[in-house]
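According to full-length UniProt numbering, the residues represented by the sequence shown are 1 to 642, in order.
For every residue, glycine included, the Cβ atom is placed at its ideal position computed from N, Cα and C.
In this text the structure is predicted, and so the values were computed from the model without any measurement.
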Amino acid sequence: VRVHVNVLLTSATKVGKTSLIMSLVSEEFPDEVPLRAEEITIPADVTPERVPTHIVDYSEAEQSDEQLYQEISKANVICIVYSVNNKKSIEKFFCLYNVIFTFASAVSHHVGFVERTDKDSRVPLILVGNKSDLVEHSSMETILPIMNQYSEIETCVECSAKNLKNISELFYYAQKAVLHPTGPLYSPEEKEMKPSCIKALTRIFKISDLDNDGILNDNELNFFQVRAVFFSCLHTQTCFNIPLAPQALEDVKNVVRKNMSDGVKDNGLTLKGFLFLHTLFIQRGRHETTWTVLRRFGYDDDLELTQEYLFPLFKIPPDCTTELNHNAYLFLQSVFDKYDKDRDCALSPDELKDLFKVFPYMPWGPDVNNTVCTNEQGWITYQGYLSQWTLTTYLDVQRCLEYLGYLGYSIIQEQESQAAAITITRNKRIDLQKKQTQRGVFRCNVLGARGSGKSGFLQAFLGRNLARQKRIREDRKSYYAISTTYVYGQEKYLLLHEVLPDFEFLSEADLACDVVCLVYDISNPRSFEYCAKVYKKHFLDSKTPCVIIAAKSDLHEARQYYSLSPLDFCRKHKLHPPQLFTCNTDEAPSKDIYTKLTTMAMYPHMTQADLKSSTFWLRASVGATVFAVLGFAMYKALLKQR
């Protein structure tokens with residue numbers, strides 16, 4: 001957002017340039033006019049755009065070419081003044097134009113006084129025809145060919161310093177040329193919007209098309225009007241942030257119908273119709289309407305989403321984690337429902353591609369399909385979709401904020417920013433002190449020697465037996481797996497992270513978690529030794545719960561080459577006995593162990609006696625089964641209602 005506007009006035013001599021400035025300030029024609037007016041500042045509270053404006057008067061009689069270059073380098077807009085009753089002063093425009101844009105070209109190549117950092121180094125120009133009180137005819141016939149030849153010219157204003165005609169309008173147009181420039185939006189030569197503008201407006205259309213039918217119906221148009229301040233140029237009395245009257249909506253659609261055959265369909269506005277309206281706004285000189293929409297949806301003057309929009313300020317205290325709140329999940333559910341066209345509770349590759357069209361790149365790679373639950377076709381399910389969002393929020397909240405920004409979360413949910421979607425959990429130490437937690441996501445780091453079965457353990461959590469796991473390509477492997485479990489009727493997310501088996505170089509991130517899984521292959525006599533060493537080095541004195549997993553339990557058990565057997569090791573260190581596990585099953589592997597892990601993560605203070613209680617695990621696992629079935633059934637019922 002610009003904090004000020006710098007306006008430079010320049011001209012040939014004796015055209016009344018300085019008189020224009022003095023008439024603006026004093027609101028009367030000056031009796032005596034100096035060669036040059038001092039720089040003046042118009043306060044923000046007296047300008048329509050609420051932006052302070054600095055007006056600089058350049059006089060070639062008093063100042064040098066070097067000073068002109070310095071003023072050009074600081075100017076946001078340049079007003080070239082001519083006298084409507086003096087054709088020679090109009091010809092002076094060409095000399096000034098060459099000076100201005102020879103300098104601007106040098107600046108854009110890092111030569112000269114100041115390096116411009118904006119993408120379009122061209123400064124907008126306004127032609128100002130002064131002394132209109134001295135002629136009966138307009139100079140527009142002479143000026144229009146010049147305007148058509150030079151795309152930098154935003155507009156032309158005829159005014160009179162003597163009669164105070166169009167003086168305020170002149171400086172309003174100067175502000176407007178800076179704050180709402182035509183250049184990034186529209187090509188006068190081609191008489192159409194530029195590709196970057198079309199791309200931005202297409203994203204806005206898709207976000208506003210809440211049912212994804214390719215049409216903005218009356219409800220969606222009103223939704224858009226309330227949030228984006230739209231249609232003001234077609235209905236000047238329309239109040240911002242209030243729904244349009246039915247007749248106003250019809251008037252808008254009738255304008256489109258009269259100009260194109262495919263702009264309105266099923267009494268709604270198509271993308272072509274939406275883009276046509278914005279082209280019409282720009283052609284009518286009301287491009288501030290289009291800019292209002294673009295900026296509301298996060299775009300800057302270069303039609304890029306701003307850093308402030310994508311990455312709102314968000315601080316996370318130490319020992320806290322980040323999760324999506326209830327409203328964020330409701331929003332993401334609505335997005336899923338919007339793009340799940342066949343209502344099969346999964347996103348096909350085409351549906352997923354359609355969802356991410358509002359992104360500048362594809363955010364999810366093929367590894368995501370091996371991180372979350374998928375159906376038999378390998379498509380991400382409803383549960384898998386929410387799980388991936390949960391994982392992103394937990395591991396990289398800034399990336400999550402960025403993604404929500406692309407989806408238009410703050411606009412649709414009417415929030416100040418995407419940060420409203422995030423909950424910061426309580427410090428973990430406080431949870432331990434109070435022996436309870438409200439967290440919804442728990443991390444389990446899975447460690448073990450190479451070939452011990454860690455990857456199989458992760459994939460089994462997603463319901464994949466060994467046969468399905470063998471179909472996973474190596475280049476699409478994931479070191480994460482996330483899904484839901486139920487503990488005492490509460491739905492929780494368990495995030496498994498496979499840690500690479502580099503014993504000597506385990507980082508703090510490899511060790512930071514809520515529960516640890518130490519996996520060994522019962523058929524490999526040297527597999528358990530790694531688990532024992534990792535435990536003794538990193539977790540012996542830790543408060544993090546640990547579980548030993550005896551993987552590949554369908555194979556013959558070999559005696560481990562370690563001083564203690566796995567069972568004796570667990571007894572010595574007061575750990576739960578090794579948990580037998582295999583993913584070599586006909587159906588989906590059992591999920592009981594994952595419920596146990598989540599429970600231990602939720603209740604790290606519980607004694608081993610509690611954890612060994614059969615009734616404790618029975619209550620937890622029965623709750624998991626019942627609520628998992630109910631949760632899926634409820635979602636299917638909701639989809640049928642829709």
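Neighbourhood of Leu332 by C-beta distance below 7 Å, restricted to the same chain and skipping five residues each side: Leu386 and Trp389
What separation, rounded to the nearest whole angstrom, lies between the Cα atoms of Pro188 and Ile146? 13 Å
Are the region 192-205 and the region 155-175 touching by the rule of at least three beta carbon pairs closer than 8 Å? no
Here's a check: name, in chain order, each residue in its chain whose Cβ is nearer than 7 Å to the Cβ of Pro43, leaving out the five neighbours to either side. Pro52
Take the Cβ of Leu518 as the centre, count every other Cβ of all protein chains shown within 10 Å, and call the residue buried at 16 or more, exposed below. buried
For Phe356, three-class secondary structure by DSSP: Helix.
Under the three-state DSSP convention, the category Met147 falls into: helix
In the DSSP assignment, find the alpha helix (DSSP H) that holds Asn217 and state where it starts and stops. For Asn217, there is no enclosing alpha helix (DSSP H), since its DSSP letter is neither H nor E.
Cα-Cα separation, Ser23 to Glu32: Within the model, the alpha-carbon separation for Ser23 versus Glu32 is close to 11 Å.
Around the Cβ of residue 647, are there at least 16 other Cβ atoms within 10 angstroms (buried) or fewer (exposed)? Examination of residue 647 is not possible in this model, given that the chain is present from 1 through 642 alone.
Where Ser108 and Leu179 are concerned, what is the direct C-alpha to C-alpha distance, given to the nearest angstrom? Unreliable positioning characterises Ser108 in this predicted model, as indicated by a pLDDT of 47, which lies under 50. A coordinate reading is not provided.
So is Thr371 buried or exposed if we call it buried at 16+ other beta carbons inside 10 Å? The residue is buried, with at least 16 neighbouring Cβ atoms inside 10 Å.
Complete alpha helix (DSSP H) runs within the region 412-493 (minimum length 4 residues, chain order): 428-434, 454-461 and 466-469
Tyr186 bridges to which residues according to DSSP? Met193
If I measure Cβ to Cβ from Cys400 and keep anything under 6 Å in the same chain, skipping five residues before and after, which residues do I get? In chain order, Thr392 and Thr393 place their CB closer than 6 Å to the CB of Cys400, counting only its own chain and leaving out the 5 sequence neighbours on each side.
DSSP has Tyr520 in a bridge; who is on the other side? Note: Tyr520 sits in a beta bridge opposite Ala550.
Rounded to whole angstroms, how far is the Cβ of Cys546 from the Cβ of Val499, which I believe are closer than 8 Å? At roughly 13 Å, the Cβ-Cβ gap does not stay under 8 Å, so Cys546 and Val499 are not in contact.
Cutoff 7 Å; reference Gly440; Cβ partners in own chain excluding five residues on either side: Glu323, Lys492 and Tyr493
For Lys315, which three-state DSSP category applies? coil
Inspect the beta-carbon positions of Val487 and Thr595 and report whether they are closer than 8 Å. Remark: C-beta atoms of Val487 and Thr595 approach each other more closely than 8 Å.
Ignore the nearest five residues each way along the sequence and tell me which others in Lys454's own chain have a CB closer than 6 Å to its CB. Cβ within range, chain order: Val446, Gly448, Glu498 and Val519.
Using only the alpha-carbon positions, how far apart do Glu474 and Ile424 sit? Computed Cα separation, rounded: 35 Å.
From which residue to which residue does the alpha helix (DSSP H) around Val7 run? It is not in any alpha helix (DSSP H) - Val7 instead sits in the beta strand (DSSP E) that spans Val5 to Ser11.
For Asn148 and Glu288, I'd like the C-alpha separation in whole angstroms. 21 Å
Check whether the region 452-468 and the region 521-533 touch, using three or more Cβ-Cβ pairs below 8 Å as the test. Enough Cβ pairs lie closer than 8 Å, so yes.
Nearest neighbour of Lys199, chosen from Ser553, Tyr186 and Leu210 [CA to CA]: Tyr186
DSSP has Cys156 in a bridge; who is on the other side? Leu127
Buried or exposed: where does Thr585 fall if 16 or more other Cβ atoms within 10 Å of its Cβ makes it buried? exposed
What residue range is occupied by the uninterrupted alpha helix (DSSP H) comprising Tyr82? Segment Val77 to Ser83 is the beta strand (DSSP E) holding Tyr82; no alpha helix (DSSP H) there.
Let me check one thing: in DSSP terms, what residues is Leu347 bridge-paired to? Ile380
Can you name the start and end residues of the alpha helix (DSSP H) that Leu506 belongs to? It is not in any alpha helix (DSSP H) - Leu506 carries neither H nor E in the DSSP assignment.
Rounded straight-line distance, which links the Cα of Cys373 to that of Arg468: 12 Å
Check the DSSP bridge columns for Leu580 and list the partner residues they point to. Ala550
Cα-Cα separation between Glu351 and Tyr339, rounded to whole angstroms: 6 Å
Measure how close the beta-carbons of Leu125 and Ile78 come, nearest whole angstrom, since I'm counting them as under 8 Å. 5 Å
Whose C-alpha, out of Leu170, Gly384 and Thr47, is nearest the C-alpha of Val3? Thr47
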